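Chemist:
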Amino acid sequence: MSAETALLAVSHGTSSPAGAAAVAALVDAVRDRRAADGVAGQVAGGFVDVQQPDVPTSLAALDAVGPGGPPVVVVPLLLAAGYHVHVDLRDDVDAARSAGADVRLAGALGPDGRLVDVLVRRLGEAGLRDDDHVVLAAAGSSDARALGDCETVAAALRERLGDRPGSGRVTLAYVSAARPRVPDAVAAARSRGGRVVVAPFLLAPGYFADLVAAAGGDVTAAPLLVAGGAVPDELVEIVMDRFASFVAA
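Heads up, the sequence shown is in our numbering, so the first residue is 1405 and it goes up one at a time.
#1: Tell me, please, which residues DSSP counts as bridged to Gly1449.
#2: Taking the beta strand (DSSP E) that Pro1460 falls in, what are its first and last residues?
#3: Thr1575 to Arg1435, Cα distance in whole Å?
#4: Tell me whether Asp1498 is buried or exposed, calling it buried when 16 or more other Cβ atoms sit within 10 Å of its Cβ.
#5: Between Gly1633 and Gln1456, what straight-line distance do the alpha-carbon atoms span, to the nearest angstrom?
#6: Would you decide whether Gly1608 is buried or exposed? Buried here means 16 or more other CB atoms lie within 10 Å of its CB.
#7: What's the gap between the Cα of Ala1577 and the Cα of Gly1470?
#8: Within the same chain, show all residues whose beta-carbon is closer than 8 Å to that of Val1586, passing over the 5 residues directly before and after it, in chain order.
#9: I'd like the list of long-range same chain contacts for Leu1551, defined as Cβ closer than 7 Å, with 5 residues on each side in sequence excluded.
#10: Enumerate in chain order the residues of its own chain whose CB-to-CB distance from Asp1496 is below 7 Å, with the five nearest sequence positions on each side excluded.
#11: Between the C-alpha atoms of Asp1613 and Pro1604, what's the straight-line distance to the nearest angstrom?
#12: Reducing DSSP to helix, strand and coil, say where Leu1482 ends up.
#13: From what residue to what residue does the alpha helix (DSSP H) around Ala1631 run?
#14: Tell me whether Asp1547 counts as near the ligand MN, meaning its Cβ is closer than 7 Å to at least one heavy atom of that ligand.
Below is the structure:
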């Protein structure tokens, strides 16, 4: 792949205007970072669900539909590698490659220690105290690989917060598809006394973030991206690293 390789950043998609704006800001920040680095090549956004354009339409807009088109790296703006990465996006990329396009699929954003950096910052902004219980609220998946990614992030968050083994200060829970569910984890944490702070392991505002906010925590931190807020440098760096690993190959 060349320095003019295009970057297609593919998010889940959302019906939330705030969530859509937050993700669009991340794509814009990646585009700005690439331009600041003096690297040629397009940066575009697409969606694997809910919103349009979908991946085939996004690749067509980049002219990556057959031999002779620009090389493209698809970077999933997904925090864990579940069905959307291993099946939906893989199928889209394989279909493009079978037509002769030079398209590659990068890894998901997580697990990555820089995501934990952002989580810790969001918890600090929410006023986390040393004696608070923390529920890390992930989207959930039927794919064990995605759940493993979330467990890795939860373990790193426990280490960052100084969670003693067996103390149960940090609990991983899910909005859907896996257990424990977030409201149950919040209730269990509250039964041990003290405040319960919920940390959404979610990319942006939207339906799942709303469910997390309604799960009964005393305080709910913001998701990784906030509409109208600054895009965390860590997220831009992760996207660029996922992309660069294929350009350098």
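C-beta: ideal position from N, C-alpha, C; glycine also. On a predicted model such as this, the values are computed, not experimentally measured, just so you know.
Modeler: Here's the rundown:
#1: Paired residues: Ala1413.
#2: Annotation for Pro1460: no beta strand (DSSP E) segment contains it, though the alpha helix (DSSP H) segment containing it runs Val1459 to Ala1465.
#3: Near 36 Å, if we compare the C-alpha coordinates of Arg1435 and Thr1575.
#4: It is exposed - the Cβ of Asp1498 has fewer than 16 other Cβ atoms within 10 Å.
#5: In a straight line, the C-alpha of Gly1633 is about 24 Å away from that of Gln1456.
#6: The sequence as given places Ala at residue 1608; Gly does not occur at that position. By the C-beta density criterion, Ala1608 is buried, having at least 16 other C-beta atoms within 10 angstroms.
#7: Answer to the nearest angstrom: the Cα atoms are 43 Å apart.
#8: Counting only residues of its own chain and dropping the five nearest sequence neighbours on each side, Val1586 has a CB closer than 8 Å to the CB of Val1539, Ala1541, Ala1577, Tyr1578, Val1579, Val1602, Leu1615, Val1616 and Ala1619.
#9: Excluding five sequence positions before and after Leu1551, the CB atoms of its chain that fall closer than 7 Å to its own CB belong to Ser1545 and Ala1582, given in chain order.
#10: Take Asp1496, set aside five residues on each side of it, and the residues of its chain with a beta-carbon closer than 7 Å to its own are Val1459 and Pro1460, in chain order.
#11: Per the sequence shown, the amino acid found at residue 1613 is Ala instead of Asp. Going from the Cα of Ala1613 to the Cα of Pro1604 covers about 7 Å.
#12: Leu1482: coil per DSSP, three-state reduction.
#13: Unbroken run through Ala1631: none, as it is neither H nor E.
#14: As far as ligands go, the structure on display features none, and thus does not contain the ligand MN.
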